[in-house]
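Engineer: Supplied in structure tokens, the structure appears directly below.
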Amino acid sequence: MSRILIAPDSFKGSATSIEVARAIALGWHSVRPDDELIQIPFADGGEGSLLAIECARLDSERIFCPEVSPDAYWLLLDGSTAVVELAQTSGLTLLPALDPMGAHTFAFGQVLAMAAQDPRVEKIYCALGGSASTDGGVGALMALGFDFLDSHGVSVGLGGEALQKIASISISRAISPPRGGVFLLVDVQSPLLGAKGAASVFAPQKGATQEQVSELEYGLQHFATLTGQDDSPGSGAAGGSAFGLSTLWGATIENGAAKIADLCGIESALIGTDLVITGEGRLDSQSFQGKVVGHMSQRAAAAHVPIAYCVGSLEGVFPSQCIGGVSLSEIAGNSALAIHNADKYLFEAGMKLTRLL
Numbered sequence: 143m144s145r146i147l148i149a150p151d152s153f154k155g156s157a158t159s160i161e162v163a164r165a166i167a168l169g170w171h172s173v174r175p176d177d178e179l180i181q182i183p184f185a186d187g188g189e190g191s192l193l194a195i196e197c198a199r200l201d202s203e204r205i206f207c208p209e210v211s212p213d214a215y216w217l218l219l220d221g222s223t224a225v226v227e228l229a230q231t232s233g234l235t236l237l238p239a240l241d242p243m244g245a246h247t248f249a250f251g252q253v254l255a256m257a258a259q260d261p262r263v264e265k266i267y268c269a270l271g272g273s274a275s276t277d278g279g280v281g282a283l284m285a286l287g288f289d290f291l292d293s294h295g296v297s298v299g300l301g302g303e304a305l306q307k308i309a310s311i312s313i314s315r316a317i318s319p320p321r322g323g324v325f326l327l328v329d330v331q332s333p334l335l336g337a338k339g340a341a342s343v344f345a346p347q348k349g350a351t352q353e354q355v356s357e358l359e360y361g362l363q364h365f366a367t368l369t370g371q372d373d374s375p376g377s378g379a380a381g382g383s384a385f386g387l388s389t390l391w392g393a394t395i396e397n398g399a400a401k402i403a404d405l406c407g408i409e410s411a412l413i414g415t416d417l418v419i420t421g422e423g424r425l426d427s428q429s430f431q432g433k434v435v436g437h438m439s440q441r442a443a444a445a446h447v448p449i450a451y452c453v454g455s456l457e458g459v460f461p462s463q464c465i466g467g468v469s470l471s472e473i474a475g476n477s478a479l480a481i482h483n484a485d486k487y488l489f490e491a492g493m494k495l496t497r498l499l
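Everything in the sequence shown is counted per my numbering, starting at 143 for the first residue and increasing by one.
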């Protein structure tokens, strides 16, 4: 009998991390029913972070925020730590249509404000991936009580298009962060500005034209100049939300996959494990830059445990970090089938992965 740790990310637009882990496990058990399978749905700070942590932590409690939306909530861990997910309320998948200039983070800020004002909360983790906007976190900061005013003393409004109108920032109504601090869990190391920054790299994925990318870059540059703070790795996460929250609210930027691994107990789960299976919707060069696959590969290597990948699609070939892998697109014959029948092909993937032992 072998012990297998299954710790995948979600397959965006196809299956949650919980569904991915379960389907792989079912496929594996259909071939090797006596093996011990440990399922830890994983995330790197993007969508599905709350679900992954909630699944791993029996001490988690959902705190709903009906004022924001019927489904909005944050997690309370160990009675004193809050976890808030941007993608749950201000995520790209929630928009009926892409809105690169008008999308904002206000709803995320509303949930964050509720967590910050809860008397039980001493520390907050913010999962920042999967954003729909490039607003520098200004929407969230507005919900936290910051005022962003134009040259006439009027609020500039929401969205990335409003950034270049900011003439002054008032903190007189701002909510204080909890005494234990606020930690921003990011899945990229992108700076706020420049060719590798929030606007240039990620705004096109959110529907921005090249002209709009230039406008957003100018707005972010203007915002950064007003704050007087320097750019840094990770500041560009979530459309620059990491920059805004770290600069004006004193939050600390952290590697999302590393922190969520700690919160989910990955380290202890690796003890005595014979094989790790991880994966995500698409495996490419970015998978090893702050994402789940890259981080799990590092953890497995440190624990001297072999690792295998199960992915939706694959750019190139499986890298040397793993002992093997399967691609759902290859099993299905094309990506469309793999996406629409993920459960079926994940089951088949689980069966195929048993050949690695």
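Glycine included, every Cβ here is placed at the ideal spot set by N, Cα and C. The structure presented is a predicted model; accordingly, all values stated were derived computationally and were not measured.
Assuming PHE248 and LEU300 form a contact by the criterion Cβ under 8 Å, report the distance between their Cβ atoms to the nearest whole angstrom.
Structural biologist: By one-based count along the sequence shown, residue 248 stands at place 106. By one-based count along the sequence shown, residue 300 stands at place 158. With 8 Å as the limit, PHE248 and LEU300 qualify as a contact, their Cβ atoms being about 6 Å apart.
Engineer: Closest to ALA198 by CA distance: which of LEU405, ARG315 and THR420 is it?
Structural biologist: Position 56 of the sequence shown, counted from the start, is the residue given in the question as residue 198. The candidate whose alpha carbon is nearest that of ALA198 is LEU405.
Engineer: Taking ILE160 as part of the alpha helix (DSSP H), name the residues at either end of that continuous run.
Structural biologist: The count along the sequence shown starts at 1 and reaches residue 160 at position 18. Looking at the DSSP string, the run of the alpha helix (DSSP H) that includes ILE160 is 159 to 173.
Engineer: Terminal residues of the continuous alpha helix (DSSP H) containing LEU200?
Structural biologist: On the sequence shown, position 58 is the one that residue 200 refers to. Note, LEU200: premise wrong, no alpha helix (DSSP H); not H, not E.
Engineer: For the alpha helix (DSSP H) that contains LYS486, what are its first and last residues?
Structural biologist: Here residue 486 refers to the residue found at position 344 of the sequence shown. 484 to 495 is the extent of the alpha helix (DSSP H) around LYS486.
Engineer: On the three-pair Cβ rule with 8 Å, is the segment 327 to 343 touching the segment 416 to 436?
Structural biologist: yes
Engineer: Smallest Cα separation from VAL280: which of GLN259, ILE419, LEU254 and GLY302?
Structural biologist: As a first step, residue 280 is located in the sequence shown; it is residue number 138 there, counting from the start. VAL280 has its Cα closest to that of GLY302, out of GLN259, ILE419, LEU254 and GLY302.
Engineer: In terms of residue numbering, what span does the alpha helix (DSSP H) encompassing LEU228 cover?
Structural biologist: Reading the sequence shown from its first residue, position 86 is the one you call residue 228. LEU228 -> alpha helix (DSSP H) spans 228 to 232.
Engineer: According to DSSP, which residues form a beta bridge with ASN476?
Structural biologist: Taking the first residue of the sequence shown as 1, we reach residue 476 at position 334. DSSP lists no partner for ASN476.
Engineer: The beta strand (DSSP E) with LEU179 in it runs from where to where?
Structural biologist: Locating residue 179 in the sequence shown gives position 37, where the first residue counts as 1. Unbroken beta strand (DSSP E) run through LEU179: 178 to 181.
Engineer: Select from LEU495, ALA380, GLU359 and HIS294 the residue whose C-alpha is nearest the C-alpha of LEU470.
Structural biologist: Reading the sequence shown from its first residue, position 328 is the one you call residue 470. With distances taken between Cα atoms, LEU470 lies closest to LEU495.
Engineer: If you compare alpha carbons, which of GLN252, PHE250 and THR158 is closest to ILE182?
Structural biologist: As a first step, residue 182 is located in the sequence shown; it is residue number 40 there, counting from the start. The residue with the shortest Cα to Cα distance from ILE182 is THR158.
Engineer: Where does the unbroken beta strand (DSSP E) through ARG145 begin, and where does it stop?
Structural biologist: Along the sequence shown, read from residue 1 onward, the residue named residue 145 stands at position 3. It spans 145 to 148 - the beta strand (DSSP E) in which ARG145 sits, taken as one unbroken run.
Engineer: What residue range does the alpha helix (DSSP H) around GLY386 cover?
Structural biologist: Counted from its first residue, the sequence shown places residue 386 at position 244. Where GLY386 is concerned, the enclosing alpha helix (DSSP H) stretches over 379 to 391.
Engineer: With which residues is ASP289 paired in a DSSP beta bridge?
Structural biologist: Stepping through the sequence shown from its first residue, residue 289 is reached at position 147. Residue pairing by DSSP places ASP289 opposite SER312 in a beta bridge.
Engineer: Excluding the 5 residues preceding and the 5 following GLU227 in the sequence, name in chain order all residues of the same chain whose CB lies nearer than 6 Å to its CB.
Structural biologist: Numbered from 1 along the sequence shown, position 85 holds the residue referred to as residue 227. Within the same chain, GLU227 has close Cβ partners SER191, LEU192 and ALA269.
Engineer: Between which two residues does the alpha helix (DSSP H) carrying SER356 extend?
Structural biologist: Residue 356 sits at position 214 when you count from the first residue of the sequence shown. Run containing SER356: 352 to 369, per the alpha helix (DSSP H) assignment.
Engineer: Looking at ILE481 and CYS464, is the spacing between their C-beta atoms short of 8 Å?
Structural biologist: Locating residue 464 in the sequence shown gives position 322, counting from the first residue. Locating residue 481 in the sequence shown gives position 339, counting from the first residue. Cβ atoms of CYS464 and ILE481: not closer than 8 Å.
Engineer: Please return the same chain residues whose Cβ sits closer than 7 Å to the Cβ of ASP426, not counting the five positions on each side in sequence.
Structural biologist: Position 284 of the sequence shown holds residue 426. Only GLU457 meet the Cβ criterion.
Engineer: Once DSSP output is grouped into helix, strand and coil, what is the label at ILE266?
Structural biologist: Here residue 266 refers to the residue found at position 124 when the sequence shown is read from its first residue. Strand.
Engineer: For PRO540, tell me which candidate among ALA384, THR369 and LEU254 has the shortest Cα-Cα distance.
Structural biologist: Only positions 143 to 499 of the chain appear in the structure, and residue 540 is not among them; the question remains open.
Engineer: Taking GLU396 as part of the beta strand (DSSP E), name the residues at either end of that continuous run.
Structural biologist: As a first step, residue 396 must be located in the sequence shown, where it is residue number 254. Under the DSSP assignment, GLU396 falls in the beta strand (DSSP E) whose first and last residues are 394 to 397.
Engineer: GLY382: buried (16+ other C-beta within 10 angstroms of its C-beta) or exposed?
Structural biologist: For the purposes of this step, residue 382 is taken as the residue at position 240 of the sequence shown. Counting C-beta atoms within 10 angstroms of its own C-beta, GLY382 has 16 or more neighbours from the protein chains shown and is therefore classed as buried.
Engineer: Can you tell me whether ALA399 is buried or exposed, with buried defined as 16 or more other CB within 10 angstroms of its CB?
Structural biologist: As a working note, residue 399 is residue 257 in the sequence shown. Result: buried.
Engineer: Near GLN259, what residues of its chain come up, given a Cβ to Cβ distance below 7 Å and the 5 sequence neighbours on each side ignored?
Structural biologist: Indexing the sequence shown from 1 puts residue 259 at position 117. Correct list, in chain order: ILE317.
Engineer: Quick one: what's got a C-beta closer than 8 Å to SER144's C-beta in the same chain, skipping five residues either side?
Structural biologist: Within the sequence shown, numbered from 1, the residue matching residue 144 stands at position 2. Excluding positions up to five away in sequence, the list reads ARG174, ASP177, GLU178, ASP416, LEU417 and LEU499.
Engineer: Is there contact here, the segment 280 to 295 with the segment 305 to 312, by at least three beta-carbon pairs under 8 Å?
Structural biologist: yes
Engineer: Given that a residue counts as buried once 16 or more other Cβ atoms are within 10 Å of its Cβ, and exposed if not, what is GLN354?
Structural biologist: Along the sequence shown, read from residue 1 onward, the residue named residue 354 stands at position 212. Using a 10 angstroms sphere on the CB of GLN354, the tally of other CB atoms reaches 16 or more, which defines it as buried.
Engineer: Looking at the secondary structure, which residues open and close the alpha helix (DSSP H) in which VAL330 lies?
Structural biologist: Translated into the one-based positions of the sequence shown, residue 330 becomes position 188. Where VAL330 is concerned, there is no enclosing alpha helix (DSSP H), given that its DSSP letter is neither H nor E.
Engineer: Taking just the CA atoms, how far does ALA185 sit from HIS246?
Structural biologist: Indexing the sequence shown from 1 puts residue 246 at position 104. Indexing the sequence shown from 1 puts residue 185 at position 43. Computed Cα separation, rounded: 23 Å.
Engineer: Based on Cα-Cα distance, which residue from ILE266, GLY454 and GLY421 lies nearest to SER439?
Structural biologist: Position 297 of the sequence shown holds residue 439. Nearest C-alpha to SER439: GLY421.
Engineer: GLY466 bridges to which residues according to DSSP?
Structural biologist: For the purposes of this step, residue 466 is taken as residue 324 along the sequence shown, with counting starting at 1. Answer is ALA450, bridged to GLY466.
Engineer: For the segment 423 to 448, which segments carrying the alpha helix (DSSP H) assignment without a break, of at least 4 residues, lie completely within its bounds, in sequence order?
Structural biologist: Positions of the alpha helix (DSSP H) runs, each at least 4 residues long and wholly inside the segment 423 to 448, are given as 434 to 444 in order along the chain.
Engineer: Determine the closest residue to LEU200 out of PRO212, GLU189 and ASP220, with distance taken between C-alpha atoms.
Structural biologist: One-based indexing of the sequence shown puts residue 200 at position 58. When each option's Cα is compared against that of LEU200, the closest is ASP220.
Engineer: If you run the structure through DSSP and keep just helix, strand and coil, what is LEU254?
Structural biologist: Locating residue 254 in the sequence shown gives position 112, counting from the first residue. If DSSP states are grouped into helix, strand and coil, LEU254 belongs with the helices.
Engineer: Among the residues of its own chain, which have a CB less than 7 Å from the CB of GLN363, if the five just before and after it don't count?
Structural biologist: In the sequence shown, counting from the first residue as 1, residue 363 sits at position 221. So the qualifying residues of the chain are LEU335.
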